[in-house]
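Residue numbers (my numbering): 930 to 1309. Where is the CB? At the ideal position from N, CA and C, for every residue including glycine.
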C-alpha cells in the first residue's frame, strides 16, 4: 500500500517489523516524532516505551533492556548523541546489541534545531573513547531509512555491537510516497543466544575462538550467570590486569568489525564504464545527485554515481569498483564542511576528491552539482 510518510515514521515501521520491543528516548528536534510514533505503535502492550528525564537515561535504559535480551532502539540528534557518548562505550565494551538513530541537524551545540545538516559523520564513528570501530549507516530518504533500519538491527544482532543510523532533518520530517509492501526487507538475524540447558562447555559471555568471532549471548536475569562491565575484562566478564587478555579483548573489538567489513558494505551504484567523472554521495545529497545525473546524461555528459549507505567501516570495495578505468575526477557533495571526503581520500588515492559543501542549513541543488561538472568541461 502506498503511503505518504516521513523518514521517522519509516524507521519506526521497520523497527517494529525487525522485532524492536523497547524504546527509550528524550524529545529533541528533529527526532521527537520517533518517540511519539513508538507511543502509538506500542499502545496496548506491544512493547515498552519510556520517555526518560534526559538522553543519558534513555540510552542507559536501552542498554539495560538489550542486556536482558530485548531488541532496543533510541533516537536523538547531535546534542543528544553527545550525551550518549559514554554509554555507547559501555555498549561497545559489553558487546550489547543496540540501534541508535541520529537525526542530524545544523550544529554545533544547539545549532539550528530546525535546519538540516550532516555534520555528525565523523562524530558518529569516533563518538566514544578508545577509537574502536562502530558500524554507521546513512539514509537519504524515507524508503532508504526503512531498509537501513532492518540492516541496523541485523548488524547489531549479528555482531553484538551498537549501530548508528544517521538521518537528517529533511529525511526525518519530509513526507514522501512510499510503498513499504514493495520493499523487500533482508532476512532477520537474531543474536546467537545461549538457551536453557545448553551451557555445557560455555566459557563465558565474551569467549571467542578467533578475534573476529562473535561470542554467544546470554541475557542478564537468565539461567546462566552473566557479568557485564565497562571495565576491561576477560571472557567471563571478570576485570583483569592480564596483558594478554587485555590485548585479546581489545583486538576482538576491532576485528569483529574490520574483518567483516566486506559484509557490512551497503551502497547503490549507477556506473558508466566510459565516465570520466564519479560522484560519491550519501544521505541527504543522494536525491540531488540522482537528479543531476539525469540532467547531465541528457546533455551528453558521461558520469557515474556511487551512493554509500554504510559510512563506517568505509566501503572500500564499492568505492574502488566505482573508479573505472577512465575516471579521473571524483566529486563529493556534503551537507557539512567536507568531513567524509577527508575520510575516503585514502580509498581513492592517487585521485583527489573535490567537495561541494553546504552547511548553512539548506540543501545542495541538483543544478549546483551540474555546474561543478560542467565547469571542468568548459575549462578544458
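Please list, in chain order, all residues of the same chain as residue i whose beta carbon is under 6 Å from its beta carbon, the five residues on each side excluded.
i, result
"residue 931", "1106, 1108"
"residue 1245", "1276"
"residue 988", "1003, 1013, 1016"
"residue 1253", "1202"
"residue 971", "978"
"residue 955", "981, 983, 984, 987"
"residue 1056", "1014, 1017"
"residue 1001", "951, 991, 994, 995, 1027"
"residue 1267", "1284, 1286"
"residue 997", "1148, 1149, 1150"
"residue 1224", "1299"
"residue 936", "1071, 1074, 1096, 1100, 1101"
Sorry if obvious, but does the Cβ on residue i come closer than 7 Å to a heavy atom of the ligand NAD?
i, result
"residue 1231", "In the structure shown, the ligand NAD is absent, as is every other ligand, since no ligand is present at all."
Taking the alpha carbon of residue i as the reference point, which residue from the options has its own alpha carbon closest?
i, options, result
"residue 1296", "1213, 1265, 1217", "1217"
"residue 1102", "1261, 933, 1062, 1282", "933"
"residue 1243", "1227, 1236, 1190, 1199", "1190"
"residue 958", "1008, 967, 988", "1008"
"residue 1186", "1273, 1089, 1199, 1259", "1089"
"residue 1293", "1304, 1265, 1121, 1270", "1265"
"residue 1049", "1116, 1031, 1099, 1171", "1031"
"residue 1078", "1044, 1115, 1099", "1115"
"residue 990", "1043, 965, 1028, 1179", "1028"
"residue 1036", "1022, 1025, 1097", "1097"
"residue 1086", "1104, 1117, 1196, 1165", "1117"
"residue 1142", "1184, 1221, 1262, 1259", "1184"
"residue 1155", "1176, 1122, 1178", "1122"
"residue 1112", "1279, 1271, 1076", "1076"
"residue 1272", "1164, 1072, 1159, 1053", "1053"
"residue 1247", "1221, 1224, 1210, 1223", "1210"
"residue 962", "946, 973, 942", "942"
"residue 1043", "1298, 1301, 1290", "1290"
"residue 1195", "1231, 1237, 1179, 1270", "1237"
"residue 1093", "1188, 1119, 1005, 1146", "1005"
"residue 1144", "1100, 1024, 1059, 1047", "1024"
"residue 1303", "1051, 1229, 1010, 1069", "1229"
"residue 1159", "1172, 1179, 1152", "1179"
Check residue i in the structure and name its three-state DSSP category.
i, result
"residue 1001", "strand"
"residue 1063", "coil"
"residue 1134", "coil"
"residue 1281", "coil"
"residue 1191", "helix"
"residue 939", "helix"
"residue 1163", "coil"
"residue 1309", "With a pLDDT of 42 at residue 1309, under the threshold of 50, the modelled position of that residue is not reliable, and no figure is offered here."
"residue 1197", "strand"
The alpha helix (DSSP H) spanning residue i covers which residue range?
i, result
"residue 1268", "1268–1277"
Which first and last residues belong to the beta strand (DSSP E) in which residue i is found?
i, result
"residue 1209", "1206–1210"
"residue 1237", "1232–1237"
"residue 1249", "Taken as a continuous stretch (DSSP letters only), residue 1249 belongs to no beta strand (DSSP E), being part of the alpha helix (DSSP H) at 1245–1251."
"residue 935", "931–935"
"residue 1222", "Element bounds for residue 1222: not the beta strand (DSSP E) but the alpha helix (DSSP H), 1215–1227."
"residue 1172", "Per DSSP, residue 1172 belongs to no beta strand (DSSP E); it is in the alpha helix (DSSP H), 1172–1187."
"residue 1258", "1258–1263"
Kindly list the residues whose CB is nearer than 7 Å to the CB of residue i, restricted to its own chain and excluding five residues on each side of it in sequence; keep chain order.
i, result
"residue 1181", "1137, 1140"
"residue 1193", "1064, 1084, 1239, 1242"
"residue 1251", "1198, 1200, 1207, 1233, 1235"
"residue 1165", "1133, 1156"
"residue 966", "937, 938, 941"
Residues in the same chain with beta-carbon distance under 8 Å from residue i, minus the five sequence neighbours each way, listed in chain order, please.
i, result
"residue 1308", "Caution is warranted here: a pLDDT of 43 is assigned to residue 1308, below 50, making its placement in the model unreliable, and no coordinate value can be reported."
"residue 1280", "1252, 1256, 1257, 1258, 1259"
"residue 949", "976, 1000, 1001, 1002, 1028, 1082"
"residue 1222", "1199, 1208, 1232, 1234"
"residue 1177", "1140"
If we cut at 8 Å on Cβ distances, does residue i have a partner in chain D?
i, result
"residue 1144", "Protein chains in the displayed structure number just one, and chain D is not present."
Secondary structure, beta strand (DSSP E): runs of 3+ residues fully inside the region 1050–1130
1065–1067, 1091–1097, 1104–1108
request  = Would you list, in sequence order, the uninterrupted beta strand (DSSP E) runs of no fewer than 3 residues that lie entirely inside the region 945–1031?
outcome  = 951–954, 977–980, 1001–1005
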